[in-house]
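J.: Have a look at the structure that comes next, please.
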Amino acid sequence: MSKNIIQDNNEKTENDKKNEIKNKSKCEMFFLTIPFIMITFMIVFLDVTINIFYKLEIKPIIFTIAILYLINIMLTLITGSSKRSVIIQSVILWIALFINALRFVYTAEPFTIADFAYISNIASITGIAKGSLLNTIAFFIPEFLTFGIIMVVYILLINKFNFSFNIELKKRILLSLIPIVILIILFNPPKFLRNFILTNIYYSDNVHVNTLNIEYYIEDSMLGGMYRIYLEDRIYEPDNYNKEEVEKMISTDVSDENQDNWEEANIIVTFSESFFDVSLLEDDITFDKEVTPNFNSLKDEGIFINMISPTYGGVSSNVEFQFLTGHTLDYFSKSYIPFMSFYKTVDSKNRLSLLKELDNNGYYTKVVFGKDYYLSKKVYENLGVDKYEEKNVKEEYKGYYTSDEYLMDETIKAFNEKEAGEKIFYMNCTIQSHQTYELDKYDEYDISIESSTLSDSYNELILSYSQGAYDADVQLGRMYEYIQTLDEPTILIFFGDHLPYLYNTETNDDTLNHLSYFNTGDELLDTYRKYNTQCLILANFDLGDVENWDYMSSDMILTSVVNKMGLELSDYYKWLYSIKDVLPSSNYLVSQDTEGNLYWTSELPENMQNILDKRELAQYYIMYED
């Protein structure tokens, strides 16, 4: 009998061992599937929440899965189990997807790694702190409740097949250093490694230039897209950079003879939110009256500039950066926002800007925002402004934001109260015409659509936007009439920062996709038009004839004005003014010469490419050299 008991025990022991091995294999199998499950969650739920059409590339997906393996192994080693690792990853992913959905609705831009540094003020940064926020959150509740339930089920399943490395704590911690070190290198790569990853994993021989950050997600998945944007944002010393040679280039290539003299004048800048001449859309839509009559008639009174903006549909701060520093964003990826990175550093306080140049010439400088999404007070202090104000006054709202009329009242008030002879630079950043665009944005409309080839949902978006453009134009006419009453020389610079993002929530697409003006079949022209806004320079004195000012990007406009007035300027700004006849207008996608000819910025003629290369060296020296 005892032999039978021993035999039964041996059989049980063998079965237990087999079951243990089988269970261990299942645990290992589930552990290996975790990165695949996580990237599947990202792909599926990103598509569910913002309805995108994927064009996923194989190599970036494989690379992203490898990063997820490193993260999963690191967390499992540190926490002691795959279940804990999955819980941490699931919570982070759920939050990231939720913030991404909100951000995309309000800005047409996805969440990026750089946003983690500003998570405490993400609502202000993304523009979601608005009355319709609760409605938007409610809209996403079914999707994210479903996502949360699926995540919980997945965690319970992982718990059943929980995996852990069967080693003591000290060894686990030591082993976790391996994935940690690899991740640190991947997220702080030397220049050669960064270029190797971009060239061999993300880029192909026929590189597709992404015009929106969401396109990175479409091609590389959420984490892969975030990582690619992060890599492209990394700042490195340019090739062939030599500090002494750059200093010599800036100081010897220019002279005061490059400056033409206007009178020293007060400067009013109307940085008009999303202003665009909608009469250009007449093939698809017409109105019962001219939407921007003052703008079009004043072209003959001053200098009219076809401007290239560095951005489309948002990120106004990048236009501010170019306008107020003379720097260009051509050397950065589209996702780079200096106001969220460079100007958050103390060192940037000592860097050149056109505000500081004006201050050195005796100007009092003031910048006023209708609403400041980027919490820019610290930024403007580093840029050298004397006075910064945000005038988000609910009693003065028209639509969802402070009216253009109120901000013009404040501008006129400032000039009426200034001392005689005091030189002022006053920049007024409007907000009334900011997205979103909905028919109920305004209680009353001064214009109506006369004819259209578009459906009602698109017409409502365009009408809502166009009322804002109409009001901005009224204030332009009013401001021009006002400066004519002033005894002191005064210049008015009026321009749209970027084109509006007319996102249709009913059809989940951009209205521009349905407007013939932006869809000619000529890819270069269509891209240019997406970034082309217009600028007017007006004055209460004769501006005379100017050469080669018909086409400029936002970085060259104030640079040209201060040079034209013959102010005492740093060599850098004289040098920038001297190159405008070769490369007057560009962004990272398209460029334009003084005759209006268009080029891909990646395929410039030799003389323009030479200036672009020299400018990169000079800009790096000004921005980053100690």
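With my numbering as the guide, the letters of the sequence shown map in order to residues 121 to 746. A virtual CB, placed ideally from N, CA and C, is assigned to each residue, including glycine. Source: prediction; values computed, not measured.
Secondary structure at asparagine 480, three-state DSSP: helix, strand or coil?
T.: Here residue 480 refers to the residue found at position 360 when the sequence shown is read from its first residue. It is helical.
J.: Assuming contact is defined by CB atoms lying nearer than 8 Å, are isoleucine 181 and glycine 344 in contact in what I supplied?
T.: Residue mapping note: residue 181 aligns to position 61 of the sequence shown, counting from 1. Residue mapping note: residue 344 aligns to position 224 of the sequence shown, counting from 1. Yes, these two residues count as a Cβ contact at 8 Å.
J.: What separation, rounded to the nearest whole angstrom, lies between the Cα atoms of methionine 346 and lysine 538?
T.: Working through the sequence shown from its first residue, we reach residue 346 at position 226. Working through the sequence shown from its first residue, we reach residue 538 at position 418. So the two alpha carbons sit approximately 48 Å from each other.
J.: Report the residue from Leu289, Tyr336, Ser429, Val488 whose alpha carbon sits nearest the alpha carbon of proline 620.
T.: Here residue 620 refers to the residue found at position 500 of the sequence shown. Out of Leu289, Tyr336, Ser429, Val488, Ser429 has the C-alpha closest to the C-alpha of proline 620.
J.: Methionine 728 lies in the alpha helix (DSSP H); which residues open and close that run?
T.: Taking the first residue of the sequence shown as position 1, residue 728 is located at position 608. First-last of the alpha helix (DSSP H) with methionine 728: 726-744.
J.: Can you tell me whether alanine 385 is helix, strand or coil according to DSSP?
T.: If you number the sequence shown from 1, residue 385 lands on position 265. If DSSP states are grouped into helix, strand and coil, alanine 385 belongs with coil.
J.: Measuring alpha carbon to alpha carbon, tell me which of Ser436, Lys203, Phe661 ends up nearest leucine 276.
T.: Taking the sequence shown and counting its residues from 1, one reaches residue 276 at position 156. Nearest of Ser436, Lys203, Phe661 to leucine 276, Cα basis: Lys203.
J.: So if DSSP puts valine 488 in a beta bridge, which residue, or which two residues, is it bridged to?
T.: If you number the sequence shown from 1, residue 488 lands on position 368. BP columns for valine 488 point to Glu509, Asn548.
J.: Look up glutamine 604 in the DSSP assignment and say whether it is helix, strand or coil.
T.: Counting from 1 along the sequence shown, the entry for residue 604 is found at position 484. Reduced to three states, the DSSP call for glutamine 604 is coil.
J.: Just verifying my parser: in three-state terms, what is the DSSP assignment at valine 329?
T.: For the purposes of this step, residue 329 is taken as the residue at position 209 of the sequence shown. Unreliable positioning characterises valine 329 in this predicted model, as indicated by a pLDDT of 47, which lies under 50. A coordinate reading is not provided.
J.: Thinking C-beta only, is asparagine 192 closer than 8 Å to serine 205?
T.: Translated into positions along the sequence shown, residue 205 becomes position 85. Translated into positions along the sequence shown, residue 192 becomes position 72. Yes.
J.: Who pairs with alanine 221 in a beta bridge, going by DSSP?
T.: One-based indexing of the sequence shown puts residue 221 at position 101. According to DSSP, which records beta bridges pairwise, alanine 221 is partnered with nothing at all.
J.: Can you tell me whether glutamine 604 is buried or exposed? The criterion is at least 16 other CB atoms within 10 Å of its CB, across all chains shown.
T.: As a position in the sequence shown, residue 604 is number 484, starting the count at 1. With fewer than 16 Cβ atoms within 10 Å of its Cβ, glutamine 604 is classed as exposed.
J.: Determine the extent of the beta strand (DSSP E) in which glycine 616 is found, giving its start and end residues.
T.: In the sequence shown, the residue the question calls residue 616 occupies position 496. From DSSP, the beta strand (DSSP E) with glycine 616 extends over 610-616.
J.: Around the C-beta of asparagine 386, are 16 or more other C-beta atoms found within 10 angstroms, so that it is buried, or is it exposed?
T.: Indexing the sequence shown from 1 puts residue 386 at position 266. Looking at its Cβ environment, which holds 16 or more other Cβ atoms inside 10 Å, asparagine 386 is buried.
J.: I'd like to confirm the pairing. Which residues does DSSP put opposite tyrosine 517 in its beta bridges?
T.: Your numbering for residue 517 matches position 397 in the sequence shown. Beta-bridge pairing links tyrosine 517 to Thr522.
J.: Rounded to a whole number of angstroms, what is the C-alpha to C-alpha distance between isoleucine 569 and tyrosine 585?
T.: Here residue 569 corresponds to residue number 449 of the sequence shown, with the count starting at 1. Here residue 585 corresponds to residue number 465 of the sequence shown, with the count starting at 1. Between isoleucine 569 and tyrosine 585, the C-alpha separation is close to 12 Å.
J.: Have a look at Ile355, Ile278, Ile338, Lys291 and flag the residue whose alpha-carbon is nearest the alpha-carbon of lysine 311.
T.: Residue numbering aside, residue 311 sits at position 191 when the sequence shown is read from its first letter. Residue Ile355 is the option with its Cα nearest to lysine 311.
J.: Does alanine 589 come out as helix, strand or coil in the three-state DSSP assignment?
T.: As a working note, residue 589 is residue 469 in the sequence shown. The answer is helix: DSSP assigns alanine 589 an H, G or I state.
J.: In three-state DSSP terms, what is phenylalanine 396?
T.: Here residue 396 corresponds to residue number 276 of the sequence shown, with the count starting at 1. Three-state result, phenylalanine 396: coil.
J.: Report the residue from Pro262, Val411, Lys491 whose alpha carbon sits nearest the alpha carbon of alanine 592.
T.: For this step, residue 592 is matched to residue 472 along the sequence shown. Checking every option, the nearest Cα to that of alanine 592 belongs to Val411.
J.: Can at least three beta-carbon pairs, one atom from the stretch 687-701 and one from the stretch 465-478, be found at a separation below 8 Å?
T.: The stretch 687-701, when compared against the stretch 465-478, does touch it at the 8 Å Cβ threshold.
J.: Who are the near neighbours of tyrosine 336 in its chain, counting only those whose CB is closer than 7 Å to its CB and skipping five residues on each side?
T.: By one-based count along the sequence shown, residue 336 stands at place 216. These residues qualify, in order along the chain: Asn330, Gly345, Arg348, Ile349.
J.: Out of Pro458, Ile187, Asn414, which has the shortest C-alpha to C-alpha gap to glutamine 442?
T.: The sequence position of residue 442 within the sequence shown is 322, counting from 1. Selected option, being the one with the closest Cα: Pro458.
J.: Going straight from the alpha carbon of glutamate 723 to that of glycine 482, what length do you get?
T.: Mapped onto the sequence shown, residue 723 falls at position 603. Mapped onto the sequence shown, residue 482 falls at position 362. Cα to Cα, the separation comes out at about 42 Å.
J.: Check leucine 176 in the structure and name its three-state DSSP category.
T.: Translated into the one-based positions of the sequence shown, residue 176 becomes position 56. Of the three classes helix, strand and coil, the one that applies to leucine 176 here is coil, per DSSP.
J.: Using only alpha-carbon positions, find the residue among Tyr322, Tyr189, Asp524, Leu351 that is nearest to isoleucine 338.
T.: The count along the sequence shown starts at 1 and reaches residue 338 at position 218. If we check each option's Cα against that of isoleucine 338, Tyr322 comes out closest.
J.: Using alpha carbons as the reference points, say which of Tyr708, Thr721, Val702 lies closest to glutamate 715.
T.: Within the sequence shown, the letter at position 595 stands for residue 715. The shortest C-alpha separation from glutamate 715 is found at Val702.
J.: Nearest by alpha-carbon distance to glutamate 421: which of Ile154, Val681, Asp662 is it?
T.: Position 301 of the sequence shown holds residue 421. Out of Ile154, Val681, Asp662, Asp662 has the C-alpha closest to the C-alpha of glutamate 421.
J.: Tell me the DSSP secondary structure of aspartate 420 in three-state form.
T.: Taking the sequence shown and counting its residues from 1, the one referred to as residue 420 is at position 300. Of the three classes helix, strand and coil, the one that applies to aspartate 420 here is coil, per DSSP.
J.: What do you reckon, are the CB atoms on leucine 351 and arginine 292 nearer than 8 Å?
T.: Position 231 of the sequence shown, counted from the start, is the residue given in the question as residue 351. Position 172 of the sequence shown, counted from the start, is the residue given in the question as residue 292. The answer is no: Cβ separation not under 8 Å.
J.: Rounded to a whole number of angstroms, what is the C-alpha to C-alpha distance between alanine 186 and isoleucine 298?
T.: Residue 186 sits at position 66 when you count from the first residue of the sequence shown. Residue 298 sits at position 178 when you count from the first residue of the sequence shown. For alanine 186 and isoleucine 298, the distance between alpha carbons rounds to 14 Å.
J.: How about isoleucine 423 and valine 682: do their beta carbons lie closer than 8 Å?
T.: Counted from its first residue, the sequence shown places residue 423 at position 303. Counted from its first residue, the sequence shown places residue 682 at position 562. It is not a contact, given that the beta carbons lie outside the stated cut-off.
J.: Rounded to whole angstroms, how far is the Cβ of serine 680 from the Cβ of serine 705, which I believe are closer than 8 Å?
T.: The sequence position of residue 680 within the sequence shown is 560, counting from 1. The sequence position of residue 705 within the sequence shown is 585, counting from 1. Actually they do not touch by this definition, with Cβ atoms about 11 Å apart.
J.: In whole angstroms, give me the CA-to-CA distance for glutamate 509 and tyrosine 500.
T.: Position 389 of the sequence shown, counted from the start, is the residue given in the question as residue 509. Position 380 of the sequence shown, counted from the start, is the residue given in the question as residue 500. About 10 Å.
J.: On the DSSP letters alone, give me the boundaries of the beta strand (DSSP E) that tryptophan 720 sits inside.
T.: As a position in the sequence shown, residue 720 is number 600, starting the count at 1. 718-720 is the extent of the beta strand (DSSP E) around tryptophan 720.
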